[in-house]
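Chains as they are written, first to last, in the UniProt record's numbering: chain A, 1 to 324; chain B, 1 to 324. The C-beta atom is built at its ideal place from N, Cα and C for all residues, glycine as well. Keep in mind that this is a model prediction, so the values were computed, not measured. For reference, the structure is listed below as structure tokens.
Protein chains: 2
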Amino acid sequence: MVVTIKDIAEKVGVSVTTISRVLNNRGYLSDDLKKKVYEAMEEMNYQPNELARSLSRKKSNVIGLIIPDISHPFFGQMTKHIEFYAYKHGYKLMLCNSLLNKKKEKEYIDLLRASQVDGIIMGSHTMSVKEYMSIKLPLVTLDRQISKSIPCISSDNYSGGILATKLLLRKKCRKIAYLSGNLRLNLLAKQRHDAFIEQVSGEDIGFVVKQTDLNGFKYKEYENLVRQLFEEHPDIDGVFASSDILALQVIKECRRLGKAVPDQVKVVGYDGIQIGGTDDLSTVEQPIKKMGELAVKYLLRQIAGEEIPLETILPVKLLEKGTT
Amino acid sequence: MVVTIKDIAEKVGVSVTTISRVLNNRGYLSDDLKKKVYEAMEEMNYQPNELARSLSRKKSNVIGLIIPDISHPFFGQMTKHIEFYAYKHGYKLMLCNSLLNKKKEKEYIDLLRASQVDGIIMGSHTMSVKEYMSIKLPLVTLDRQISKSIPCISSDNYSGGILATKLLLRKKCRKIAYLSGNLRLNLLAKQRHDAFIEQVSGEDIGFVVKQTDLNGFKYKEYENLVRQLFEEHPDIDGVFASSDILALQVIKECRRLGKAVPDQVKVVGYDGIQIGGTDDLSTVEQPIKKMGELAVKYLLRQIAGEEIPLETILPVKLLEKGTT
DNA sequence: ATGAAAGCGCTAACAT
DNA sequence: ATGTTAGCGCTTTCAT
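Have a look at this one:
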């Protein structure tokens with residue numbers, strides 16, 4: 001059998017309460033006792049049972065993370081930072097991939113609650129506002145402002161949109177495409193689109209908006225989208241892609257069509273993901289690390305019952321590289 | 001307060017045992033009773049406490065996943081599939097990023113054990129064989145054969161190495177570089193290197209092997225490595241990169257140096273990750289999805305006390321694309 | 001400073 | 001078919 005606190009108590013010749021006390025370092029313990037207890041634990045290879053602890057304390061030190069797709073570099077990098085800070089503060093991470101499937105997202109929320117997680121970071125948003133409101137668990141959202149009462153971490157999508165569009169205008173593009181995933185998802189990312197529209201509307205400039213119908217991240221789908229864009233609008237000379245991954249597709253398609261980047265077509269991406277192949281891409285960099293850090297920080301503060309800002313919008317940065 | 005099984009029992013007018021029974025659908029329950037219980041649960045918005053269940057059953061339905069870095073696309077994609085199958089079988093995933101830090105990896109193992117996970121999938125391997133042997137928990141490793149007694153899932157690294165090297169030879173490369181991360185990590189990936197050496201040794205061919213010293217995945221480090229390679233060996237006309245990410249760095253450096261790919265330098269990668277920018281890359285594709293699926297499957301079988309194969313080597317596939 | 005005992009929410013013999 | 005009872009391993013009042 002597995003060694004429990006009781007075995008240690010018997011071995012040392014004290015009560016379980018005392019063992020629990022030294023385990024949690026509460027109350028007055030003589031150094032001699034402490035030493036004996038630690039020795040016994042060492043000797044018997046004791047490992048505390050977190051499940052029992054959590055049940056008794058009503059606190060699990062686990063946080064749930066729900067995102068659309070961990071294999072997408074943006075979320076991969078975000079998750080890396082979230083894990084880092086969670087671990088640093090003694091929290092474990094339960095990873096939930098929704099694949100932007102509403103049913104799975106809902107099931108995961110119930111599962112997380114049943115698992116008694118102390119809080120949830122939501123980066124996937126397929127449900128209705130009402131459903132989110134009924135979660136009743138410490139919550140921080142990424143990139144979607146669900147309601148005034150749920151804290152949200154995002155970066156400045158509107159400014160990012162302006163920066164990217166202005167860059168293309170400054171580079172004298174005459175017909176610009178805005179390319180994105182599904183805009184109906186109510187994400188703050190839509191503001192990039194709005195900023196784009198606003199900027200190009202005033203100018204004597206052609207523009208076109210194209211989005212995928214799918215909610216997922218299918219590279220094949222992206223490929224078709226890009227191909228279609230250039231078929232329908234061969235005179236495009238500037239593309240604002242709402243993710244770096246999409247931008248890479250655009251560059252690839254340009255290469256296939258023999259269009260020189262940036263001479264014939266200028267391309268600006270979004271996200272600032274770090275990955276081979278994006279080094280030379282002009283893009284709007286989101287502070288992914290900072291976003292992950294704050295998401296954890298605010299969630300933990302909320303768990304601790306402290307007040308936290310309900311809206312956090314971090315600055316973005318335009319990176320001008322070789323594709324514009 | 002939170003609703004418990006006891007509240008339901010009182011409401012329905014039966015004992016908690018009965019409620020537990022319908023919750024787990026064990027024994028004989030009259031339909032009428034079931035219905036009443038479900039109604040009460042619905043009405044009171046009851047949510048079972050998985051912590052209590054796990055403690056009592058001595059089974060948590062959580063599996064731990066330890067990998068070096070979730071932001072690396074190979075692991076991101078692997079994790080996506082692992083999560084998918086785990087979820088499908090009613091298991092939750094605890095994500096642990098080791099960052100190839102030995103201390104963190106060890107701490108995570110203890111943490112997972114303390115959290116009573118039912119098993120661990122290990123994709124990070126910085127500790128000694130002896131330490132792994134002492135884990136005493138259902139275990140499946142990815143890409144490292146720790147001992148004959150611990151099941152390992154991998155793909156055929158040796159054949160992959162042969163395929164990639166032969167491709168470069170077939171394309172008449174005269175001086176080939178093998179580029180990789182740290183080879184000391186005892187990973188099966190080292191077999192790619194061995195296969196490479198074996199193939200080029202017999203031929204009248206120049207070759208050079210270069211590896212990073214670092215244990216992490218630093219893109220900057222990769223960049224330096226590649227730059228250095230071409231400075232020291234400007235006559236390289238073929239590169240076998242042991243990951244697609246590295247291969248992308250090579251291609252980028254070639255572009256910077258004005259070397260045409262594939263005309264002047266042929267590049268073959270490894271992994272077959274799906275991400276913008278790798279579409280045109282010649283590479284050796286690992287069956288990432290299948291590997292993830294089997295890792296989960298074998299872990300669950302092991303948890304169930306069944307016998308499973310101790311060594312699983314899946315076939316790889318050469319994808320000949322535009323960079324060779 | 002240390003212990004007894006109740007309890008966290010649920011499961012599982014064993015009874016009836 | 002349903003109930004009684006004793007845990008699961010740990011924490012936490014309340015005593016002493």
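So, do the region 111–121 of chain B and the region 77–95 of chain B have three or more beta carbon pairs nearer to each other than 8 Å?
Taking 8 Å as the limit for Cβ pairs, the verdict is that the region 77–95 of chain B does touch the region 111–121 of chain B.
Residues that residue 96 of chain A bridges to, as DSSP identifies them
Beta-bridge pairing links residue 96 of chain A to A:66.
From the DSSP output, in three-state form, read off residue 191 of chain B for me.
In the structure shown, the three-state DSSP call for residue 191 of chain B is helix.
For residue 355 of chain A, which three-state DSSP category applies?
This structure gives no information on residue 355 of chain A, because the portion of chain A shown stretches from 1 to 324.
What separation, rounded to the nearest whole angstrom, lies between the Cα atoms of residue 326 of chain A and residue 190 of chain B?
With chain A running from 1 to 324 in the structure shown, residue 326 of chain A is simply not present.
Where residue 283 of chain B falls: helix, strand or coil (DSSP):
For residue 283 of chain B, the three-state secondary structure derived from DSSP is strand.
Cα-Cα, which of A:231, A:75, A:228, A:269 is closest to residue 165 of chain A?
Ranked by Cα distance from residue 165 of chain A, the options A:231, A:75, A:228, A:269 are led by A:269.
Chain-ordered chain B contacts of residue 94 of chain A [CB-CB under 9 Å]:
62, 92, 93, 94, 95, listed in chain order.
What does the Cβ neighbour count give for residue 126 of chain B, buried or exposed, with the cut at 16 atoms within 10 Å?
By the beta-carbon neighbour count (other beta carbons within 10 angstroms, threshold 16), residue 126 of chain B is buried.
Taking 8 Å as the CB-CB cut-off, is residue 168 of chain B touching chain A?
Using a CB distance cut-off of 8 Å, residue 168 of chain B does not count as an interface residue toward chain A.
Looking at chain B, is there any beta carbon in it that lies within less than 8 Å of the beta carbon of residue 80 of chain A?
It does: the Cβ of residue 80 of chain A has a partner Cβ on chain B nearer than 8 Å.
On the DSSP letters alone, give me the boundaries of the beta strand (DSSP E) that residue 317 of chain B sits inside.
Looking at the DSSP string, the run of the beta strand (DSSP E) that includes residue 317 of chain B is 317–319.
Just to confirm before moving on: does the CB-CB distance between residue 282 of chain A and residue 265 of chain A stay below 8 Å?
No.
Do you know offhand how far residue 40 of chain B's Cα is from residue 138 of chain A's?
If I take the Cα positions, the gap works out to 26 Å.
Near-chain B residues of the UniProt domain "HTH lacI-type" (3–57) of chain A - C-beta to any C-beta below 8 Å
Those would be 47, 48, 49, 50, 51, 52, 54, 55, in chain order.
3-residue-minimum beta strand (DSSP E) runs that sit fully inside the region 185–272 of chain B, ordered along the chain:
Those beta strand (DSSP E) runs which fall completely within the region 185–272 of chain B and span 3+ residues are 206–211, 238–241, 266–271.
Considering only the alpha carbon of each residue, which of B:202, B:73, B:86, B:186 lies closest to residue 327 of chain B?
Lying before the first or after the last residue shown, residue 327 of chain B is absent from chain B, which here runs from 1 to 324.
Work out the CA separation of residue 235 of chain B and residue 259 of chain B for me, nearest whole Å.
One C-alpha to the other measures close to 11 Å.
Quick check on the burial criterion: 16 or more other C-beta atoms within 10 angstroms. Buried or exposed for residue 195 of chain B?
Residue 195 of chain B should be labelled buried.
Does residue 330 of chain B get closer than 8 Å to chain A when you measure Cβ to Cβ?
Shown here, chain B extends from 1 to 324; a query on residue 330 of chain B therefore has no answer.
So what does DSSP say about residue 137 of chain A, is it helix, strand or coil?
In this structure, residue 137 of chain A counts as coil in the three-state DSSP scheme.
What three-state label does DSSP hand residue 20 of chain B in the structure shown?
Three-state result, residue 20 of chain B: helix.
Report all residues from its chain with a CB closer than 8 Å to the CB of residue 257 of chain B; omit the five preceding and five following residues, and keep chain order.
Same-chain partners within the cutoff: 230.
Quick check: the region 61–68 of chain B against the region 15–31 of chain B, are there 3 or more CB pairs under 8 Å?
Touching, no.
Between the Cα of residue 13 of chain B and the Cα atoms of B:36, B:21, B:286, which residue gives the shortest distance?
When only C-alpha atoms are compared, the closest one is B:36.
N-terminal and C-terminal residue of the beta strand (DSSP E) that residue 88 of chain B is part of:
Per DSSP, residue 88 of chain B lies in no beta strand (DSSP E) segment; the continuous alpha helix (DSSP H) that holds it begins and ends at 73–88.
Using a Cβ cut-off of 8 Å (strictly closer), state whether residue 110 of chain B contacts chain A.
Chain A contact via Cβ: present.
Measuring CA to CA, which of A:183, A:167, A:181 is closest to residue 200 of chain A?
Distance check between residue 200 of chain A and each of A:183, A:167, A:181 places A:167 closest, using alpha-carbon atoms only.
Among B:324, B:249, B:306, B:243, the one whose alpha carbon lies nearest that of residue 286 of chain B
Ranking the options by Cα distance to residue 286 of chain B, first place goes to B:243.
Coarse secondary structure for residue 363 of chain A, derived from DSSP in three states:
Examination of residue 363 of chain A is not possible in this model, given that chain A is present from 1 through 324 alone.
Taking 8 Å as the CB-CB cut-off, is residue 306 of chain B touching chain A?
No, residue 306 of chain B lies away from the interface with chain A (no Cβ there is under 8 Å from its Cβ).
Just to confirm before moving on: does the CB-CB distance between residue 123 of chain A and residue 110 of chain A stay below 8 Å?
The criterion of a C-beta distance shorter than 8 Å is not satisfied by residue 123 of chain A and residue 110 of chain A.
Taking residue 201 of chain B as the query, report the chain A residues whose CB atoms sit under 8 Å from its CB, ordered along the chain.
Under the 8 Å cutoff, chain A gives no residues; its nearest Cβ is about 29 Å from residue 201 of chain B.
Determine the burial state of residue 291 of chain A: buried for a count of at least 16 other Cβ atoms within 10 Å of its Cβ, exposed for fewer.
Buried is the call here.
What does a CB cutoff of less than 7 Å around residue 16 of chain B pick up in its chain, not counting 5 residues either side in sequence?
So the list reads 5, 6, 9, once near-sequence residues are dropped.
Does the beta-carbon of residue 73 of chain A have 16 or more other beta-carbons within 10 angstroms, so that it is buried, or is it exposed?
Buried, because 16 or more other Cβ atoms sit within 10 Å of the Cβ of residue 73 of chain A.
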